[in-house]
Amino acid sequence: MTDATRAAEIDARLKELYPQARIALGFESEFQLLVAVILSAQTTDVGVNKVTPVLFGRFPTPEALAAADPAEVEEIVHPTGFFRNKTKNIMGAAQRIVAEYGGRVPDTMEELLTLPGVARKTANIVLYNAFGKAEGVAVDTHVLRLSRRLGFSEHDNPDKVERDLMALFPREEWGPLTYRLIEHGRAVCDAKRPACGQCVLADLCPSAFSAKGWREQA
24 MTDATRAAEI DARLKELYPQ ARIALGFESE FQLLVAVILS AQTTDVGVNK
74 VTPVLFGRFP TPEALAAADP AEVEEIVHPT GFFRNKTKNI MGAAQRIVAE
124 YGGRVPDTME ELLTLPGVAR KTANIVLYNA FGKAEGVAVD THVLRLSRRL
174 GFSEHDNPDK VERDLMALFP REEWGPLTYR LIEHGRAVCD AKRPACGQCV
224 LADLCPSAFS AKGWREQA
């Protein structure tokens, strides 16, 4: 079985297992999505979803956030961790969006990468979920871990892992693949105790029953 054939079979099984896999962050606009993704660094989507209704209720637009009192923003986003840096990033992004893009979130990779707090993962998430554009694969901690365990990549660097995934999977799968891998990482292929005994990918996974802490069943 070639790498491409094995990758396609894995994706087909994940698609069947998680047909509704999608982003877990709550948002109502491109701007809200961008801010939520920046806040999601080093914390959970659940935690971000508790904070963003308050944040967007107070600062609903890029213009409002750009002109906000940083201390007030810090107080709101404090529960997400690294609150000073996140405040600096989301306010800086809002200010640049207002100054350079007429108050609208840009819809190209090149332009998104000019915003504070935005690297390829964040840009990929925004482009796919807000604009329906597949420019790459968003590599978070789950996607990176599963890509290595499943033999999609040997790298630890997210950008290199992304390139390997883009070479293995067709463009139309880049967006949804992210969320299927995240769902499987959360439900089965846990970082510390992967449930290899109940994994539908075990026969295709080079790491099955060998990852440290694997368990036969949940």
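Residue numbers (my numbering): 24 to 241.
Note that beta-carbon positions come from the ideal geometry of N, C-alpha and C, so glycine has one too.
From a predicted model like this one, the values you see are computed outputs, not experimental measurements.
Subject >> Assigned secondary structure, L136 (DSSP; H/G/I helix, E/B strand, else coil) >> reply: For the purposes of this step, residue 136 is taken as residue 113 along the sequence shown, with counting starting at 1. DSSP places L136 in coil when its eight states are reduced to three.
**OP:** Count the C-beta pairs between the segment 118-127 and the segment 98-109 that are closer than 8 Å, then say yes if the count reaches three, no if not.
**Re:** Inter-segment contact for the segment 118-127 and the segment 98-109 is absent: fewer than three beta-carbon pairs are separated by less than 8 Å.
Subject >> Contact check, L169 vs P181, beta carbons under 8 Å >> reply: Counting from one through the sequence shown, the residue named residue 169 turns up at place 146. Counting from one through the sequence shown, the residue named residue 181 turns up at place 158. In this structure, P181 does not lie closer than 8 Å to L169 by Cβ.
**OP:** Specify the secondary structure class of G125 as computed by DSSP and reduced to three states.
**Re:** Here the question's residue 125 lines up with position 102 in the sequence shown. Coil at G125, not helix or strand.
Original post:
Counting Cβ pairs, one atom from each stretch, are 3 or more of them under 8 Å apart for the segment 30-50 and the segment 196-212?
Top reply: Flag = yes, the segment 30-50 and the segment 196-212 touch.
Original post:
By how many angstroms is the C-alpha of G140 removed from the C-alpha of G208?
Top reply: For the purposes of this step, residue 208 is taken as residue 185 along the sequence shown, with counting starting at 1. For the purposes of this step, residue 140 is taken as residue 117 along the sequence shown, with counting starting at 1. So the alpha carbons of these two residues sit roughly 25 Å apart.
Subject >> Start and end residues, alpha helix (DSSP H) containing Y41 >> reply: Working through the sequence shown from its first residue, we reach residue 41 at position 18. Note, Y41: premise wrong, no alpha helix (DSSP H); not H, not E.
Subject >> Extent of the continuous alpha helix (DSSP H) to which N180 belongs >> reply: As a working mapping, residue 180 is identified with position 157 in the sequence shown. Premise fails: N180 is in no alpha helix (DSSP H) and is neither H nor E.
Subject >> Pick from K215, F232, A214 that is closest to Q221, judged by C-alpha positions >> reply: Sequence index remark: in the sequence shown, residue 221 carries index 198 (1-based). The shortest Cα separation from Q221 among K215, F232, A214 belongs to F232.
**OP:** Determine the burial state of P93: buried for a count of at least 16 other Cβ atoms within 10 Å of its Cβ, exposed for fewer.
**Re:** The sequence position of residue 93 within the sequence shown is 70, counting from 1. The residue is exposed, with fewer than 16 neighbouring Cβ atoms inside 10 Å.
**OP:** Determine, using beta carbons only, whether V60 and E86 come nearer to each other than 8 Å.
**Re:** For the purposes of this step, residue 60 is taken as residue 37 along the sequence shown, with counting starting at 1. For the purposes of this step, residue 86 is taken as residue 63 along the sequence shown, with counting starting at 1. Taking 8 Å as the Cβ cut-off, V60 and E86 do not qualify as a contacting pair.
Subject >> G70 - DSSP class collapsed to helix/strand/coil >> reply: On the sequence shown, position 47 is the one that residue 70 refers to. In the structure shown, G70 adopts helical secondary structure according to DSSP, grouped into three states.
Subject >> Cβ shell of K144 (< 7 Å), same chain only, five flanking positions each side left out >> reply: Taking the first residue of the sequence shown as position 1, residue 144 is located at position 121. In chain order, A161, V162, D163, P181 place their CB closer than 7 Å to the CB of K144, counting only its own chain and leaving out the 5 sequence neighbours on each side.
Original post:
So is P217 buried or exposed if we call it buried at 16+ other beta carbons inside 10 Å?
Top reply: Counted from its first residue, the sequence shown places residue 217 at position 194. So P217 ends up on the buried side.
Subject >> Continuous alpha helix (DSSP H) stretch holding L204: start and end >> reply: Counting from 1 along the sequence shown, the entry for residue 204 is found at position 181. 194-210 is the span of the alpha helix (DSSP H), which, as asked, contains L204.
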